[in-house]
Every structure is written in structure tokens, then in C-alpha cells.
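For reference, the structure discussed in these notes is given below.
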Amino acid sequence: MSAIHQQLSEAVGNAFAALSLSAEFGLVSRSSRDGAAPFQCNGCMAAAKSAKSNPRELAARIATELKEHPLIASLEVAGPGFLNITPAPGLMASQANALSADVRTGASRVGDPKKIIIDFGGPNVAKPMHVGHLRSSVIGDALQRLLRFVGHDVVSDIHLGDWGLQMGQLITELQIEQPDLVYFDADFDGPWPIGSPVDIDDLSRMYPAASLACKSDPDRMDIARKATAELQAGRAGYRALLDHFIAVSIAALKVDFGNLGVHFDLWKGEAAVDPLIKPMVEKFKADGVTEMSQGALIIRVAEEGDKKELPPLILISGAGAALYATTDLATILDRVENIDPDIILYVVDLGQASHFEQVFRAAGKTGLFAQDGLEHIKFGTVNGKDGKRFRTRSGGVMRLSDLLGQANEAAMSRLSEAGLAAGMEAEEKAEIARMIGLAAIKFADLRNVRTTNYVFDIERFTEFEGKTGPYLLYAAVRMKSMLRKAKATGIGAGKIIPKAEAEKTLVLMLDHFDHALKGAANKRHPHILCEHLYELAQTFSKFYASCPVLSAESNEIQASRFNLVQTSLRQLETGLELLGIETPERM
Ligand code: ARG
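Pasting the structure below:
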């Protein structure tokens, strides 16, 4: 099915074509002005310019062309040549019923599906997750859901940070704590013990200790660097240890991400592509794209016209180590060989913009991957109320589990304040609070243009009023309870007859879903979908205030409104699901 604005575009386009002008001038869009006709076409200005005629006269001729058009109720010429268009009642009605009959409530699928890898989450093994990782997870998950829904073939990959200095730091810390482990015996060559010598609590304790020690003691840092280099050079005992660290971390991360409702198809990391690095570097060398500079092997990526100087990408450091960019290039190689994507999206904070620019240019220059298929999906920081980067109340790094706990608590008190979920069993109430807490955090993040920073304020995020996740959940729950009540009195869905102004506005809003989805998916901007869902909930609320279902004047109108509620609910729930937000049955 195509949306009303698309059907109108075709009609108006044909009118332009009938006057020997390009049909593209006929593009019709939603009108931005309140109280005006719901649609507008601004093509007369540009068309008149190209035909060297008068835009108002042209608009009048288009209006004459479309006088008796069955899809158009009225068409007015305004200002310098705007066309204000009101769709015919028949079009409104047929569209409403088509939307209600469609499980996807009007959401279309792309004509040219692409294979897209989304690299997001990106937590580091043993290091606690920070808010940047949370944002990446929430935005990345919304994008994977959205892009899949519109028809792309999506593979998500968590891309663990498991190959850097923190690994050497952990290894040396463990050696101090348990020097007798076989992993530290350079002569031992396996088989290695199957059980891990550490658990997740050990890792969470050891990493901060090691990191602190290395910061204050240059000798400790040296040992950690050496261990990192040995690990990367293939020392078997260290590699065996690393595999334990990774397995233990992944098990813990799966619990965290499970609680967040975020899924990854692949749990690969930087370490996984280590075997590809050497041959890849050799090939780059042979192809002549690398250079030696101050002892390091580099790829120059600066281009003429760069506004800011972009330093060369360091492939192999002076100390012989593969760096962050090296593993990112090798990961592209791995993805090409195993998945063969058309596009790779990297959902990573703005602060890494230069890194990705270097990697993308190097990938293009070496022929690894077409540069325009690599996209850095940037996002801003989360700040505390003091305007500085968000930390926990105690000032330390945020732990995902703490954050979710905090959201849960806030949701619980909001429920009590609002007198909701009052008579429910503790278990159900807790489950509702969990959904509200998650919805609060996710929606508060996704509703912003992702490149902007925002202030973390759990009190505001959990409010039931305003542009919040809980507001949308409440709207959905109200629809559900309304439908239950109507069903209990024997009302069911019937043909939609949009008559009242509020009904027509709701139909137009429902019809806008596809446009919002396309915008969100193509621009990789989930806030566009958030905006639509918020507008839908508000429009619905106005509809419901003036168009009651139970006390409607006839059976036909009851059935029509019931159907409108049902269709609105389906679209709202579909949209929320695409944002990674679950809806309770009641609250
Ligand atoms: N682990 C990295 C960090 O914590 C993020 C990884 C982003 N993805 C990538 N392919 N570089 O900063």
C-alpha cells in the first residue's frame, strides 16, 4: 500500500506532466502548519522558475487540472503558489481500512535490501561498561530492529575490546596474585586447564587494581606492556588465559545485555581477528600503501581539502604492537570474508570520529572496503546535572546493573505516586516497573538527535507525562484496557468511517508511520520514529477525549472507533518494539 501523500504526489505529478512539466514537481508532503489543509505541494515555484512562467498562474492551472480528481476534496492556491490539499473522504476511508487490515500498519519494505553489519555495544573485557557503551547498545539495538523491519539483512556484532593493554595488565596482575599458575610457565605447552582461574568478580576487582598500579608505577606499566606484546606475539599460556578472561566476561555480559533486552548475532572481538593481522599487513606492504615513519608502520590518510589535519593511521607501533585501528581493519577483512556485507555501521561515540575517519579512508585506500559503505553512527555524551560526564552517585563509573536498578526504583515510586498497579501482586508490579524503567532509559536516549548530548535525569525520564517512555507505555496500556472493556460489552472491530475531525487527524497520523520509519532507517536516526510515536499517542489522546467508543451513537461508529483504537495500538506497539521497548498488558 502507499501512503496518502504518495497517492496525492502521483495525482499532482500527473497534473504537472499534463502541462509538459516534470512530474517530480508534484511532490506532496504533510503540511507543517496547524489548521491548514493536511497536505501541501510547493512544486509550482520551482516548476515556474524552470519554465520561466508565473508560479501563481501555474498553480491555478494545476488546480484546474485536478478539479474533479477523485482523490482530492479540495485544492487551494495560497501565497506565491503553494497548493494546499485536502484528501477526499473516500481516500481517507479506504486508507484507514487498508492500514487496519495491514499487520504492519502501512510500513513498507525496501526495494533493494542490503546486507548490513551493525557494530555496536563494544564493551571492553574486564573493564566496567560506561554510559557510552549503554548509548551505543540502545541506539545500535534500535537500528538493528529498524533496519531488519524495513527489510535489510542485518548482522549485529558486539565487537568486544579484548586485545589491548588491559589484557596485559590483567595478565600481570594475575601473575602477582597467583604466580604458580601454569599459564606463566614459559616452558609449559599444554594442554591448558579447562576451568578458568578467575571469575567475573575477580576480573572486576583485578582490572582497576592493575590499572591503578600501572598508572602510578612505570615499571609495572612496562611489565604490562611486555605481557601485551608477548600475548600478541602468540605466547600460548597468555592466549589460554585471555580465552578464559573473554569467556568469563561474555557470560557476565550476556546477563547484562539480556536484562537490557539487547541481542547480538555475533559475540566476536578484536582478539578473534589476530590471525588475520599479519597477512593483511604484509599485503598492504606489498601493495605499497604503507610507509615507515619514526619506527612505526603507517598508512597516510590525509586528503587535500581536509579542514582538520588527520594524522596517519598507525598499523604497527614502534614497539611492534597492533593497535586499535589495526584490529578494526582486520575486522573489516574478516567480515568481508565471512559475511560479505554491503554496509557496515559503527555505533560509537563522537569522540572516536577521527579514528573512524582514519580506518574508513585506509579501508578505501587499501581496497579492503568501499569507503562510502562504512558509516560512523556518532552519538554525544550523557552528562550529569552538573553538565559533566555522567557518573554514579558515588562518583565512580556507572555499572549497567546499578543503572537499571536505579531506573527500576524510580519506576516503582512513580507507579505508587500515580496510584497505578495498586491492586496487583508484587510480582506483576515488579515486572511492570522493570518495563517502565527500561522504557524510561531507552526512550530518553533515543528521542534525542543522537549527535547531541543529554542530561541523565532518571526522575524526569520516568515521568508519565511529557515526551517519555512511560508516557507511551501508559498510552498503550490505556488502549488495551479500552479494548478489553469494549470487547466485554460485545463491541468488535468494524469498517472505519473517519468522520469527526479527531478521527481524520488520527488516520492521517497512522498513515504517516511509513514515512517516519523510512526517515529513521535511512538516516539512521531513531528519534524520527520516537517523534512519530509521541505524536501518535498525543493524537490518539485527543481522539479519545472527543470520540468515545462505548457511548458512540451507533453500532457502526462503535465498531469503527474500536478498529481505530486497535490499529493505533498495533502501530504504537510495533514502533515501541522497534525501539527495544516492551509494553505491559496493564498497569
Ligand atoms: N571497545 C571500544 C571502546 O570501548 C569500542 C568499540 C567500537 N567498535 C569498533 N569497531 N571500534 O571504546
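Note that the sequence shown covers residues 2 to 588 in my numbering.
C-beta atoms are modelled at their ideal positions from N, C-alpha and C, and glycine is treated no differently.
Check                                                                                                                                                                       : Outcome
In terms of DSSP beta bridges, what is T87 paired with?                                                                                                                     : S75
Excluding the five sequence neighbours on either side, which residues of its own chain have a C-beta within less than 8 Å of the C-beta of N125, listed in chain order?     : L161, G162, D163, G165, Q167
May I have the straight-line CA-CA distance separating N55 from E532, to the nearest angstrom?                                                                              : 37 Å
Is DSSP giving I251 helix, strand or coil here?                                                                                                                             : helix
Check for me: the beta strand (DSSP E) holding M281 runs from which residue to which?                                                                                       : Element bounds for M281: not the beta strand (DSSP E) but the alpha helix (DSSP H), 275 to 287.
Checking the sheet assignment: what are the DSSP bridge partners for A297?                                                                                                  : S294
Taking C-beta to C-beta, are D142 and V263 nearer than 8 Å?                                                                                                                 : yes
Give me, in chain order, the residues of the same chain whose beta-carbon lies closer than 6 Å to that of A97; leave out the 5 immediate sequence neighbours on both sides. : I497, P499, V508
With DSSP run on the structure shown, which of helix, strand or coil describes K227?                                                                                        : helix
Name the DSSP beta bridge partners of I317, please?                                                                                                                         : L298, A323
From S138 to S294, what distance separates their C-alpha atoms?                                                                                                             : 37 Å
Excluding the five sequence neighbours on either side, which residues of its own chain have a C-beta within less than 7 Å of the C-beta of L421, listed in chain order?     : M588
For the beta strand (DSSP E) that S157 lies in, which residues bound it at each end?                                                                                        : 154 to 158
Would you check if the distance between the CB atom of A408 and the CB atom of G438 is smaller than 8 Å?                                                                    : yes
With 16 as the cutoff for other CB atoms within 10 Å, does K308 come out buried or exposed?                                                                                 : exposed
Please classify V78: is it buried, with 16 or more other beta-carbons within 10 angstroms of its beta-carbon, or exposed?                                                   : buried
Sorry if obvious, but does the Cβ on Y535 come closer than 7 Å to a heavy atom of the ligand ARG?                                                                           : no
Would N523 be called buried (16 or more neighbouring beta carbons within 10 Å of its own) or exposed?                                                                       : exposed
Could you tell me the distance, in whole angstroms, from the CA atom of A225 to the CA atom of F246?                                                                        : 16 Å
Which value, in whole angstroms, describes the spacing of the CA atoms of E426 and E432?                                                                                    : 10 Å
By DSSP, does N384 sit in helix, in strand, or in coil?                                                                                                                     : strand
With 16 other CB atoms within 10 Å as the buried threshold, where does A252 fall?                                                                                           : exposed
Do you know offhand how far P90's Cα is from A434's?                                                                                                                        : 43 Å
How about I317 and L298: are their beta carbons less than 8 Å apart?                                                                                                        : yes
Assign Q359 to buried or exposed, taking buried as 16 or more other Cβ atoms, counted over all protein chains shown, within 10 Å of its Cβ.                                 : buried
Mapping the DSSP letters down to three states, classify E20 as helix, strand or coil.                                                                                       : With the sequence shown as reference, residue 20 is identified as Leu, and Glu is not the correct amino acid for it. Note: L20 maps to coil in three-state DSSP.
Grab me the residues of M510's own chain with a C-beta within less than 7 Å of its C-beta, minus the 5 sequence neighbours each way, in chain order.                        : E536, L537, T540
Does the Cβ of T332 lie closer than 7 Å to at least one heavy atom of the ligand ARG?                                                                                       : yes
Under the three-state reduction of DSSP, which class applies to K116: helix, strand or coil?                                                                                : strand
Out of G368, G381, F514, which has the shortest C-alpha to C-alpha gap to R136?                                                                                             : G381
Of the choices T584, I582, L573, P585, whose alpha-carbon is the least far from that of R105?                                                                               : L573
Counting pairs of Cβ atoms below 8 Å between the region 186 to 205 and the region 145 to 153, do you hit three or more?                                                     : no
Determine the closest residue to T490 out of M207, A553, P114, K519, with distance taken between C-alpha atoms.                                                             : A553
Measuring straight from C-alpha to C-alpha, what distance separates Q353 and H153?                                                                                          : 26 Å
Counting beta carbon pairs with one atom in the region 334 to 347 and one in the region 312 to 326, are three or more of them shorter than 8 Å?                             : no
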